[in-house]
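First residue of the first sequence: 1, per my numbering; consecutive thereafter. Note that beta-carbon positions come from the ideal geometry of N, C-alpha and C, so glycine has one too.
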Amino acid sequence: MPASDPTIRVRIAPSPTGPLHIGTARTALFNYLYARHVGGTFVFRLEDTDVARGTAEFERDILEGLHWLGITWDEGPDAAGGGDVGPFGPYRQMQRNASHAAAAARLLADDLAYPCFCTPEELDADRKAQEAAKQPPRYVGRCAHLTAEERDARLAQGRKPATRFRVRPGVVGWNDLIRDRIEIDTANLGGDFVIVRADGTPLYNFVVVVDDAAMEISHVIRGEDHISNTPKQILMCEALGHPVPVFGHLPLILNPDGTKMSKRKSQTAVDDYRGQGFIREGLVNYLAYLGWSPGTQEDVLSLPEVVERFDIGAVQKGGARFDRDRLEWLNGQWIRRLEPDDLVDRLRPFLEAAVADGRIDRLPSDDEIRTLLPIVQERLPTLAAVVDLVGFLWTETVLGDPSILVPKRWDPATTREGLAAARGVLARHDAVTWEADELEPPLRALVDDRDWKAGDLFMAIRVATTGRTATPPLFDTLVALGRERTLARLDAAIDSLGAASPG
RNA sequence: GCCCCCAUCGUCUAGAGGCCUAGGACGCCACCCUUUCAAGGUGGAGAUCAGGGGUUCGAAUCCCCUUGGGGGCACCA
């Protein structure tokens, strides 16, 4: 579509206080989609203000996770670990503290903000009283009109003030990109709010305004849970003399019970989905369709295809529940579309993990994996499913419970007889190459000869050689297993049945 | 308690006044294919468009109310 529109700048500003959250990824994705669709710039800024938690690792997780999804930014920290990229750096909030302090000083000087000496105990008592009186919590304004002498006196006592922003009376409104007009009376904002803590560190709401202005962010696209922050931010923009960006509030991603998605009720870490074998194409496709649709009947779209069709105005207003079934279906769609070599590469880590925790005994070669693809690719809802699907190929013993060896219509004796006969046929088949279409005819002939049902015999062989009742097509499976192991497993099964029913 | 947002099949959604006796997808059921499992194909059940008032010749679509759901009200982000 359009080449570029330098006036449109959007951003994602995650806080590295946890692993990359599905909701953060979705917000990042929609910003990315909007920026790419209109040819604007996508900025990544880290709100690394909370030093208390182990942020370095989470920071890496977020950067890496977004890149894994294919969500790339034009300005911001380098996902590979290099320096910041872009003309508006630094892109880490902590390194912009000087500008935050300057902005706060300016508001203080203009009396658009004031020092507040209230103690946590006082504020807590206020809140409790309001709660008891069934009043909404709000700052009572104790320090709003202190005289210079009163302030000096408190300072002299060594008290450290926080900085509060004066909320002016009136109505603040904006034209939301997805919900049209929203207007909020500032009387409902909870009174003057703190923008700088007593220890001098600035608060999120304030920093965002300063940084967004400095980075010339034109459109702020974020979750619906920020709607009540927006009037405060608009007020601060006005006070600071900054242009007010365009706002767009995305619907939330919900737990299956309809509440805001949470770790408690859902799996929220992108990395967990990745670990379970969801691929980026599936995840991104799914996320894009949570709250948006192209308005056509297309279901499976690549990231570039979504970029092409994306329209921020078509975004849904109501929240969307996370539906894992649909995600799995879409993931399967994308796994089926992968090129063989690509799929082999993506499967390998899951096989390695299975070796590491003992689910399989050895790691198959790339060639082995590639050979299996025709019978495996269309059966994988996730990459991780490969272990359950064909793990029996790389384990020594396969038969856990001999009782599943006996098909419904057969008894143990018949099963033993059937397996023995099949073993004989397959062993004799030594003269011919061990290929799927050569294995089948003689076994069918055997079935006809004994008046058995092909399904019963095949099922007995299937369970004897794989330990499972559901597998890829039998003869392809036997070929993958190889002659030696097939015969050995048949022998083992026959033995186990012999022990169970002597005679 | 207060403020704000939202409301089409179980779920994700199409629908921007007549094309809607509401379409698609996931999931579910049946059948076909078939040695099992998938995949694929075909068909089906599933929404009186939350309810009630308007506006209009005509409303899922516009307005109001009710109800329901959600979000937010920190010296968190």
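{"Query": "Backbone CA spacing between residue 213 and residue 224 [nearest angstrom]", "Result": "21 Å"}
{"Query": "Those residues which DSSP pairs with residue 175 across a bridge", "Result": "181"}
{"Query": "Residue 491 versus residue 392 - alpha carbon distance", "Result": "16 Å"}
{"Query": "Per-residue DSSP class, three states only, for residue 128", "Result": "helix"}
{"Query": "Check whether residue 139 and residue 190 have beta carbons under 8 Å apart", "Result": "yes"}
{"Query": "Same chain, Cβ closer than 6 Å to residue 332, neighbours up to 5 away in sequence not counted", "Result": "381"}
{"Query": "Coarse secondary structure for residue 44, derived from DSSP in three states", "Result": "strand"}
{"Query": "Residues that residue 116 bridges to, as DSSP identifies them", "Result": "162"}
{"Query": "Cβ pair residue 280, residue 70 closer than 8 Å", "Result": "yes"}
{"Query": "Residue from 372, 136 and 287 with nearest C-alpha to residue 310", "Result": "287"}
{"Query": "Residue 209 - containing beta strand (DSSP E), residue span", "Result": "No beta strand (DSSP E) contains residue 209, which is instead part of the alpha helix (DSSP H) from 204–214."}
{"Query": "Beta carbon of residue 404 nearer than 8 Å to that of residue 463", "Result": "yes"}
{"Query": "Local Cβ density within 10 Å of residue 81, reported as buried at 16 or more and exposed below that", "Result": "exposed"}
{"Query": "Those residues which DSSP pairs with residue 247 across a bridge", "Result": "220"}
{"Query": "Beta-carbon contacts of residue 85 that lie in its chain and below 7 Å, excluding the five residues immediately before and after", "Result": "75, 76 and 78"}
{"Query": "Cβ neighbour criterion (16 or more within 10 Å) applied to residue 9", "Result": "buried"}
{"Query": "Cα-Cα separation between residue 268 and residue 187, rounded to whole angstroms", "Result": "35 Å"}
{"Query": "For residue 391: DSSP bridge partner residues", "Result": "Answer is none; residue 391 lacks a bridge partner."}
{"Query": "Beta-carbon contacts of residue 394 that lie in its chain and below 7 Å, excluding the five residues immediately before and after", "Result": "360, 361, 362 and 364"}
{"Query": "N- and C-terminal bounds of the alpha helix (DSSP H) containing residue 461", "Result": "454–466"}
{"Query": "Distance CB(residue 245)-CB(residue 218) smaller than 8 Å", "Result": "yes"}
{"Query": "Same chain, Cβ closer than 7 Å to residue 471, five either side skipped, listed in chain order", "Result": "462 and 477"}
{"Query": "Sequence-distant residues of the same chain with beta carbon closer than 7 Å to residue 503, five excluded per side", "Result": "In this prediction, residue 503 has a pLDDT of 37, which is less than 50 and means its spatial position is unreliable; what the coordinates show is noted afterwards. Answer for residue 503: no residue qualifies."}
{"Query": "Proximity of residue 257 and residue 45 at Cβ, strictly below 8 Å", "Result": "no"}
{"Query": "Per-residue DSSP class, three states only, for residue 100", "Result": "helix"}
{"Query": "Residue 254, DSSP secondary structure in three states", "Result": "strand"}
{"Query": "Beta-ladder partner(s) of residue 21, from DSSP", "Result": "269"}
{"Query": "Straight-line Cα distance separating residue 11 from residue 226", "Result": "15 Å"}
{"Query": "Candidates 115, 127, 398 and 68: closest to residue 149 by CA position", "Result": "115"}
{"Query": "Terminal residues of the beta strand (DSSP E) in which residue 196 lies", "Result": "193–196"}
{"Query": "Presumed contact (8 Å Cβ cut-off) between residue 173 and residue 252, rounded CB distance", "Result": "Contact flag wrong, Cβ pair sits at about 22 Å."}
{"Query": "Ranges of the alpha helix (DSSP H) found wholly within the segment 316–373, counting only runs of at least 4", "Result": "324–337 and 340–356"}
{"Query": "Test item: CB-CB of residue 209 and residue 163 under 8 Å", "Result": "no"}
{"Query": "Residue 75 - partner residues in DSSP beta bridges", "Result": "43"}
{"Query": "Residue burial classification, residue 175 (beta-carbon count within 10 angstroms, cutoff 16)", "Result": "exposed"}
{"Query": "Selection from 292, 22, 49 and 469 that minimises the alpha carbon distance to residue 516", "Result": "The requested residue 516 does not occur in the structure, where the chain is confined to residues 1 to 503."}
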